[in-house]
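Working notes, structure below.
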Amino acid sequence: MPEFPPEPFRIKVVEPIKRTTRAQRERLMREAKYNVFLLRAEDIFIDLLTDSGTSAMSDTQWAALMQGDESYAGARSYFRLKEQIERIFCFKHFVPTHQGRAAENILCSLLIEPGNAVPNNNHFDTTGANVRAVGGQPVDLVIDEAKDPANRHPFKGNIDLGKLERFIEETGTENIPFGMITITNNAGGGQPVSMANIKAVGEMVHRYGIPFFIDACRYAENAIFIKQREAGYADKTPLEIAQEMFSAADGCTMSAKKDALVNIGGFLCMNDDALFERARQALILREGFPTYGGLAGRDLEALARGLVEGLDEDYLTYRLNHTAYLGERLLEIGIPIIEPPGGHAIYVDAGGFLPHIPAERYPGQALAIELYLEGGIRAVELGSVAFAYPDPTTGEIIRPALELVRLALPRRVYTQSHLDFVVETLAAIAARKDSIGGVEIVKEPELLRHFTAEFALMG
Ligand code: P71
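Residues 0 to 458 (numbering that gives the first Met the number 0) are what the sequence shown spells out, left to right.
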């Protein structure tokens with residue numbers, strides 16, 4: 000087999016994408032207020048905004064849609080989904096939700112009191128926002144190696160156990176409603192967490208009587224990383240590794256829009272009976288009856304099959320290779336990225352790539368704009384636009400460690416030649432990078448500002 004083997008699928012249905020001219024893109028970007036979220040998708044050539052909800056479903060999943068049982072209560076599709084969730088995640092209870100943030104919302108609103116704090120390796124944007132929305136404080140305790148882009152630590156998503164213990168001692172167990180770990184760590188490069196770390200974090204929080212939840216969006220990619228990199232797992236299947244990961248926790252939140260290969264869906268799992276009762280009530284209020292939870296019966300069917308396909312070892316091996324191909328080619332032409340390549344995305348170190356643009360002029364946003372102007376490529380800023388926030392007591396702006404631009408790879412959607420085009424586009428930007436200026440925010444909402452903020456070029 001070649002170093003980067005070909006896609007383990009062939010294409011049965013195609014969706015045309017169109018090129019635009021540089022002049023058109025300049026106008027479209029200006030009209031979108033220099034926020035790539037405000038562009039129209041049909042004006043984009045290669046859309047790497049997110050791997051969330053953008054997967055290509057298989058012929059089996061499309062066929063399953065026709066078998067969706069749309070009964071309000073007790074639908075057959077619910078039981079098909081239940082069987083898969085119980086097999087893979089091994090928790091006692093679950094409720095379906097329309098997507099991951101709805102699961103987070105229910106968990107956070109049931110367990111967090113104002114003034115509480117929640118530890119995680121890195122909270123992703125919606126998770127952090129859901130913790131804050133109910134008066135809690137998200138606290139990020141990832142290992143220091145994660146802050147050095149060139150460090151090739153095999154499990155750069157790990158939580159620093161020393162930091163976690165100090166955090167618990169200083170905060171007090173009564174102020175920590177639960178601990179979390181995000182697998183893989185999306186805010187920190189799509190980097191995996193080792194089995195040893197998942198178990199050690201679980202044991203530590205449990206020793207203090209604190210429940211432990213996994214943010215499981217990319218659990219299958221995390222599992223194949225463990226198989227490839229952690230001693231003792233080479234002969235285990237991704238399913239066995241997943242079961243072992245979840246056995247360390249009391250529950251999980253899941254956005255099925257990632258590793259479950261569907262365009263919409265999520266769920267919240269837990270072992271605690273009383274919490275499940277409260278979650279069911281919250282679900283009925285906010286999402287829907289507990290056997291469909293904000294989804295159509297056909298969505299439940301596609302999800303049940305997507306969970307199976309998403310754990311397939313050939314698919315997962317291809318998936319990591321596909322992402323690594325983009326990362327290694329960018330490194331070859333001198334573009335700094337978070338190393339080693341993550342599971343679902345390559346994160347360009349925009350701060351390192353554009354050192355003449357200070358963090359307060361948002362180098363990541365400037366690069367995201369350039370990617371669109373140069374090649375019609377959409378990426379997302381994951382730096383100070385997405386993650387900087389004012390300190391609750393001093394008001395001082397706290398910035399993330401790195402100013403990143405994420406090139407997220409939708410699952411089973413783009414071929415290796417699309418990735419070559421992304422590399423060529425970044426090479427063209429690199430050739431004139433000193434002429435790129437920073438940006439300023441001219442309008443922003445209070446929470447999750449990156450989705451709707453408006454920017455201006457500073458020249
Ligand atoms: C991602 C997303 C979705 C997103 C976020 C920001 C801009 C564009 C798209 C969502 C996650 C996630 C983790 C680790 C929970 C959610 C929420 N990620 N945890 O990466 O990555 O799930 O979108 O289904 O509500 O692009 P949800």
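The C-beta atom is built at its ideal place from N, Cα and C for all residues, glycine as well.
None of the values given here were measured: they were computed from a predicted structure.
{"Check": "With three or more beta-carbon pairs closer than 8 angstroms as the criterion, would you say the stretch 124-137 touches the stretch 316-330?", "Outcome": "no"}
{"Check": "In whole angstroms, what separates the C-alpha of isoleucine 87 from that of glutamate 373?", "Outcome": "43 angstroms"}
{"Check": "Glutamine 364: buried (16+ other C-beta within 10 angstroms of its C-beta) or exposed?", "Outcome": "buried"}
{"Check": "Any chance you could list the alpha helix (DSSP H) runs of at least 4 consecutive residues sitting entirely within the stretch 34-115, in chain order?", "Outcome": "58-64, 75-88, 99-110"}
{"Check": "Could you name the residues of the same chain whose beta carbon sits closer than 6 angstroms to that of glycine 134, not counting the 5 residues immediately before and after it, in chain order?", "Outcome": "Pro113"}
{"Check": "With 16 other CB atoms within 10 Å as the buried threshold, where does glutamate 402 fall?", "Outcome": "buried"}
{"Check": "Since I believe leucine 48 is in contact with valine 35 (beta carbons under 8 angstroms), could you give me their beta-carbon distance rounded to a whole number of angstroms?", "Outcome": "7 angstroms"}
{"Check": "With a threshold of 8 angstroms, establish whether the CB of leucine 299 neighbours any heavy atom of the ligand P71.", "Outcome": "no"}
{"Check": "Could you check which residue in Leu299, Gly326, Val421 has the C-alpha nearest to that of phenylalanine 44?", "Outcome": "Val421"}
{"Check": "Can you list, in chain order, the stretches of the beta strand (DSSP E) that have 3 or more residues and sit fully within the stretch 173-241?", "Outcome": "178-181, 211-214"}
{"Check": "Can you tell me which of the three DSSP states methionine 253 falls into?", "Outcome": "strand"}
{"Check": "For glycine 156 and glycine 201, which I take to be in contact (beta-carbon distance under 8 angstroms), what is that distance rounded to the nearest angstrom?", "Outcome": "In fact, because the Cβ distance is near 15 angstroms, the residues do not count as touching under 8 angstroms."}
{"Check": "Would you say glutamate 443 touches the ligand P71, meaning its beta carbon is less than 8 angstroms from a heavy atom?", "Outcome": "no"}
{"Check": "Is the number of C-beta pairs between the stretch 272-281 and the stretch 351-358 that are closer than 8 angstroms three or more?", "Outcome": "no"}
{"Check": "Looking at the ligand P71, does it come within less than 8 angstroms of phenylalanine 123, judged from the CB to the closest heavy atom?", "Outcome": "yes"}
{"Check": "Tell me the DSSP secondary structure of tyrosine 413 in three-state form.", "Outcome": "coil"}
{"Check": "When the Cα atoms are used, what is the spatial distance from leucine 306 to tyrosine 291?", "Outcome": "17 angstroms"}
{"Check": "Mark alanine 378 as exposed unless 16 or more other C-beta atoms lie within 10 angstroms of its C-beta, in which case mark it buried.", "Outcome": "buried"}
{"Check": "Between lysine 256 and glutamine 83, which are expected to be in contact by the criterion C-beta below 8 angstroms, what is the C-beta distance as a whole number of angstroms?", "Outcome": "Incorrect: roughly 16 angstroms between the Cβ atoms, too far for contact."}
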